[in-house]
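Residue numbers (the working numbering): 1 to 227.
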């Protein structure tokens, strides 16, 4: 069963890795936290507020941003327009933020993730790594941003872009206090990002700790390598 009685807690301001063999339920967990899937049972809380019965846009409005392993952008909109979407949605909800300030913030974020020269390019023209960076900038555009969910952000991405992603996430975490949950198979990148990881297998949490600790856990070895 997918995510069977999963009990997972992430501290405010933490960067936590979520690892496990393919099919263990990692992306399902992210989809539940972001509201893309609705839980059949159990409860999900963000900063003390229950969110598991909210719709995806309602969860996003409470400060949950995410990226997808296969980047999801509005293909026929420009890179800048894609990054503006969260701020325009906030305006539609009644946020009071001047448009010139929004545009300046979006351009700063594009510069932050090295996409400023491509701001007027259509999203469908981006490479896979560039599209991942655009997703990241779009998530950073959210106000407030309390929790960032990253689903395989390094898969198939050039090492240079991997470094940009890591530096951007660490900076947002340190400067803005954003909590991060990152799903990845890339252990070298997780070691740079996370002091603690959670390990899933067949929908269940089987271990937590540093990468070195979980790498020596018999249950984790069995999950990855078999008995």
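Ideal Cβ placement from N, Cα and C applies to all residues, glycine included.
Item to complete: Using only alpha-carbon positions, find the residue among 112, 173, 73 and 47 that is nearest to residue 62.
Response: 47
Worksheet item: Across which residues does DSSP place residue 204 in a beta bridge pair?
Response: 201
Worksheet entry | Classification of residue 198 by the beta-carbon crowding that lies within 10 angstroms, buried from 16 upward | buried
Worksheet item: Cβ of residue 186 within 9 Å of Cβ of residue 154?
Response: yes
Worksheet entry | residue 10: first and last residue of the uninterrupted alpha helix (DSSP H) it sits in | Run containing residue 10: none; DSSP gives neither H nor E here.
Item to complete: Please determine, among 5, 20, 13 and 4, the residue with the shortest C-alpha to C-alpha distance to residue 222.
Response: 20
Worksheet entry | Spatial neighbours of residue 51 in its chain, beta-carbon cut-off 6 Å, leaving aside the 5 residues before and after | 44 and 59
Discussion item. In the DSSP output, which residue or residues are listed as bridge partners for residue 50?
Written reply: 45
Item to complete: Starting from the C-beta of residue 55, find all residues in its chain whose C-beta is less than 7 Å away, skip the five residues before and the five after it, and write them out in chain order.
Response: 35
Worksheet item: When DSSP labels each residue in this structure, what does residue 62 get in the three-state scheme?
Response: coil
Worksheet entry | Within 9 Å, strictly: CB atoms of residue 148 and residue 181 | yes
Discussion item. According to DSSP, is residue 180 part of a helix, a strand, or is it coil?
Written reply: strand
Worksheet item: Quick one: what does DSSP say residue 78 is sitting in, helix, strand or coil?
Response: strand
Practice prompt. Classify residue 191 as helix, strand or coil using the three-state DSSP reduction.
Written response: helix
Fill in: Cα-Cα separation between residue 1 and residue 184, rounded to whole angstroms
21 Å
Practice prompt. State yes or no: is the C-beta of residue 178 within less than 9 Å of the C-beta of residue 211?
Written response: no
Fill in: residue 212, enclosing alpha helix (DSSP H) - first and last residue
211-215
Fill in: Within 9 Å, strictly: CB atoms of residue 113 and residue 168
yes
Discussion item. On a Cα-Cα basis, can you pick out the residue from 28, 219 and 163 that is closest to residue 193?
Written reply: 163
Practice prompt. Taking residue 148 as part of the beta strand (DSSP E), name the residues at either end of that continuous run.
Written response: 147-151
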